[in-house]
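Here the structure is laid out as structure tokens; the discussion comes afterwards.
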RNA sequence: GACCCGUUCGUCUAUCGGUUAGGACUCCAGGUUUUCAUCCUGGCAAGAAGGGUUCGACUCCCUUACGGGUCGCCA
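Residue numbers (the working numbering): 4 to 441.
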């Protein structure tokens, strides 16, 4: 029996990192077992669903690289006979009606006003969760487990019912979802029993918390997947990081590509305790991924950020990008790291400038400027040699001149290798900036 | 409040009865880089508490504390 998993978000907001990780684990499990991954849109709450939210889910999934085999816009052979896109719950009402009739025929439903409630079988319910193990909830305690409404007075069906029907209809073999659904599972099991069907296997994964341990929700840092591209994260890095929240490879390795994750993933390795979101580590993971991609790819990914700051992409761009590739953690840091190489009007770090000017060796800068001005050839090596020559002629060590020169050329205390700066800027600009530094 | 799940460095985690409790992020100190960053080395830092079981417990059991989740005609 081939594995079938699904991600079933409801389009009521943006795609949340918690949801993204749920999607990722389902996707990984399906891919690992050559199974099928399904995207189902649970849009039964018409009042809260929006087109933007629906699009945010697709955009987020696409950005993360989590493709679905069945779902909106991609076919699948379980379409409703009466609808052309049955992966939207809002379009599957005839199916739910049919299942509702089954429960009615089985005498498991009773009216409560205009609504219908499902009569629970009053017995202990034990589930065998793939992550949490054996969990028992006593349904003999009616006060703790009141019969649930499955059909509202307005005729619409509730989440528990449509969710279960769809998982049955779509033949899910494994349901991997957030731990917030653990207490719902016995309800779902009861429904499935009443329908005379076989339940899928369940795996409830721990929730993702804020750094302070509170529940992560809207507006919390890192909550919206849609914010990550804007902040300069690589999708592979985000996938890598969220996979590490509640799951471990059981080795000392932490940096993985999506395909490496498929290879290593297993439900047994998922933890039971909630994990806190560490933005600093997320950035570090991003840096590691930047280091692994090619310079060409990095240049392409950084380009939008550079252009957004109105910095010109010229023939020096490849060299500029190469010079900073391993010095940034986020793509969004690129503009501020390279602006002085592209424009003469880049912002200066006043503190660094003041510190450099207070450095006794900065007195040698005019001499260095004239020495360089007299050079006939120009390269990173020749420029560095010039520094050594001027420094030694004045009884200083070359290394001591580096800091003032760096600040004179870049206006910063930190930046690319000085050789790269000389080569990219060219003799003329270097001399000009050195001359004006006083 | 009731019912569930959980609890190892500040954070993410390894450990599946016997380890000097390991790795990573962060931070600090050295080294490499004639500079910056990368990188390398080292350091700080943990079994919530109390009872059992056992020759031996972070690991198994119980209690308490704490954290999270769920108790809707939301999903």
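Glycine included, every Cβ here is placed at the ideal spot set by N, Cα and C.
Expected contact under 8 Å - CB spacing of residue i and residue j to nearest Å
i           : j           : result
residue 367 : residue 424 : About 18 Å separates the two Cβ atoms, so there is no contact after all.
residue 181 : residue 25  : 6 Å
residue 430 : residue 375 : 7 Å
residue 359 : residue 411 : 7 Å
residue 133 : residue 234 : Their Cβ separation, rounded to whole angstroms, is 34 Å, which puts residue 133 and residue 234 out of contact at 8 Å.
residue 121 : residue 112 : 6 Å
residue 332 : residue 295 : Not quite, the Cβ-Cβ distance comes to about 14 Å (not below 8 Å), so this is no contact.
Range covered by the beta strand (DSSP E) that runs through residue i
i           : result
residue 137 : 136–141
residue 118 : 118–121
Short Cβ contact (7 Å threshold) for residue i with residue j
i           : j           : result
residue 237 : residue 292 : yes
residue 401 : residue 391 : yes
residue 248 : residue 211 : yes
residue 71  : residue 27  : no
residue 280 : residue 239 : no
residue 264 : residue 31  : yes
residue 342 : residue 371 : no
residue 399 : residue 364 : yes
residue 92  : residue 45  : yes
residue 52  : residue 14  : yes
residue 6   : residue 33  : yes
residue 156 : residue 116 : yes
residue 309 : residue 244 : no
residue 165 : residue 300 : no
residue 409 : residue 421 : yes
residue 128 : residue 140 : yes
residue 418 : residue 351 : no
residue 106 : residue 197 : yes
residue 277 : residue 209 : yes
residue 258 : residue 323 : no
residue 154 : residue 102 : no
residue 194 : residue 167 : yes
residue 56  : residue 22  : no
residue 242 : residue 231 : no
The alpha helix (DSSP H) enclosing residue i, as first and last residue numbers
i           : result
residue 422 : 421–438
residue 374 : 368–376
residue 231 : 230–234
residue 63  : 54–67
residue 304 : 298–311
residue 129 : Here residue 129 belongs to no alpha helix (DSSP H); instead the beta strand (DSSP E) covers 127–132.
residue 443 : Past the edges of the chain, shown from 4 to 441, lies residue 443, and the structure says nothing about it.
residue 218 : Per DSSP, residue 218 belongs to no alpha helix (DSSP H) and is neither H nor E.
residue 387 : 383–396
residue 171 : 162–172
DSSP-derived helix/strand/coil call for residue i
i           : result
residue 402 : helix
residue 321 : helix
residue 355 : helix
residue 43  : coil
residue 201 : coil
residue 186 : helix
residue 90  : coil
residue 110 : coil
residue 73  : strand
residue 409 : helix
residue 180 : strand
residue 96  : helix
residue 115 : strand
residue 191 : helix
residue 153 : strand
residue 206 : strand
residue 344 : helix
residue 334 : helix
residue 339 : helix
residue 101 : helix
residue 227 : strand
residue 146 : coil
residue 85  : Below a pLDDT of 50, predicted positions are generally treated as unreliable, and residue 85, at 39, falls in that range; no measurement from the model is reported.
Residue i: CB within 6 Å of a non-hydrogen atom of the ligand SAH
i          : result
residue 49 : The ligand SAH is absent from the structure shown, which contains no ligands of any kind.
To test your reading of the DSSP string, which unbroken beta strand (DSSP E) runs of 3 or more residues are found completely within the stretch 6–31? Within the stretch 6–31, complete beta strand (DSSP E) segments of at least 3 residues are found at 7–10, given in chain order.
Contiguous alpha helix (DSSP H) assignments of at least 4 residues, all confined to the stretch 239–296: 261–267, 282–295
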